[in-house]
Amino acid sequence: MSETGQGAPAQSATADREIVISRVIDASRELVFEAFTEVRHLSRWWGPEGFTTTTRSFEFRVGGEWDFVMHGPDRTDYQEWITWTEIVPPSQIALLHGEYRGDPNAFESVLAFAPDGAATRIEMRTVFPTKELRDEAVEKYHAIEGGQQTLSNLAAYVTEIVRKGAEG
767 MSETGQGAPA QSATADREIV ISRVIDASRE LVFEAFTEVR HLSRWWGPEG FTTTTRSFEF
827 RVGGEWDFVM HGPDRTDYQE WITWTEIVPP SQIALLHGEY RGDPNAFESV LAFAPDGAAT
887 RIEMRTVFPT KELRDEAVEK YHAIEGGQQT LSNLAAYVTE IVRKGAEG
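Note that the sequence shown ends on residue 934 in the numbering used here; no numbers are left out.
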């Protein structure tokens with residue numbers, strides 16, 4: 767008896783256009799979700815190593831927008847824009863991310879927050895409009911390393927909140 771495809775992960779229709787990054791963070795799902803959804807937290811950890819973020823406007827709701835500038839370590843400014851397309855506290859956020867509203871090269875991301883014992887597993891699945899845009903993001907902008915560093919910054923920030931809470 768043959769079992770075709772069973773037990774093997776299905777190849778996603780968008781696999782050649784996506785990046786998937788995940789990390790386990792030693793904090794509750796509610797706290798990790800809060801750190802990702804409140805601007806007072808986001809500006810403290812968002813972005814890869816050496817980057818800082820200046821928020822121009824922020825409204826966390828479906829249809830709301832986050833208009834911000836990421837400042838690179840080489841002093842390059844990157845105009846960024848996000849609109850939230852789905853919010854399911856504290857388990858999922860979907861968003862559209864580009865350089866500006868209406869950006870034809872904007873990409874979609876879904877962030878899933880799942881309990882992992884006392885910790886939280888966050889998975890960031892990003893789908894680009896084309897394989898070429900995905901490849902450019904990986905090769906030119908180091909999107910995989912940048913995403914891993916961003917989640918590392920989130921983990922360090924949330925761990926510090928937990929540590930300070932335990933001291934307080």
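In this text, a Cβ means the ideal position worked out from N, Cα and C, and glycines have one as well.
Inset, instruction - Give, in chain order, every unbroken run of the alpha helix (DSSP H) that is at least 4 residues long and sits entirely within the region 838 to 905. - result: 897 to 905
Inset, instruction - Work out the CA separation of T849 and T821 for me, nearest whole Å. - result: 14 Å
Legend entry - Span of the alpha helix (DSSP H), counted from its first residue to its last, around V805: V805 to W811
Inset, instruction - Tell me whether the beta-carbon of G813 lies closer than 9 Å to the beta-carbon of T916. - result: yes
Legend entry - Boundaries of the beta strand (DSSP E) in which V786 is found, first to last residue: E784 to I791
Legend entry - For V798 and K930, the rounded distance between their alpha carbons: 15 Å
Legend entry - Straight-line Cα distance separating A880 from S794: 9 Å
Inset, instruction - Please work out which residues of its chain come closer than 8 Å, Cβ to Cβ, to D782, disregarding the five sequence neighbours upstream and downstream, and give them in chain order. - result: K897 and R900
Inset, instruction - Give a yes or no on whether the minimum CB-CB distance between A860 and chain D is below 9 Å. - result: No chain D is present in this structure, which holds just one protein chain.
Legend entry - Collapsed DSSP secondary structure at V835 in the structure displayed: strand
Legend entry - Proximity to Y907 [Cα-Cα], best of I927, D869 and G838: G838
Legend entry - N-terminal and C-terminal residue of the alpha helix (DSSP H) that R827 is part of: That residue, R827, is in no alpha helix (DSSP H); it is neither H nor E in DSSP.
Inset, instruction - Assign S823 to one of two classes, buried (16 or more other C-beta atoms within 10 Å of its C-beta) or exposed (fewer than that). - result: exposed
Legend entry - Supposed close pair R867, S788 - CB separation, criterion 8 Å: Incorrect: roughly 29 Å between the Cβ atoms, too far for contact.
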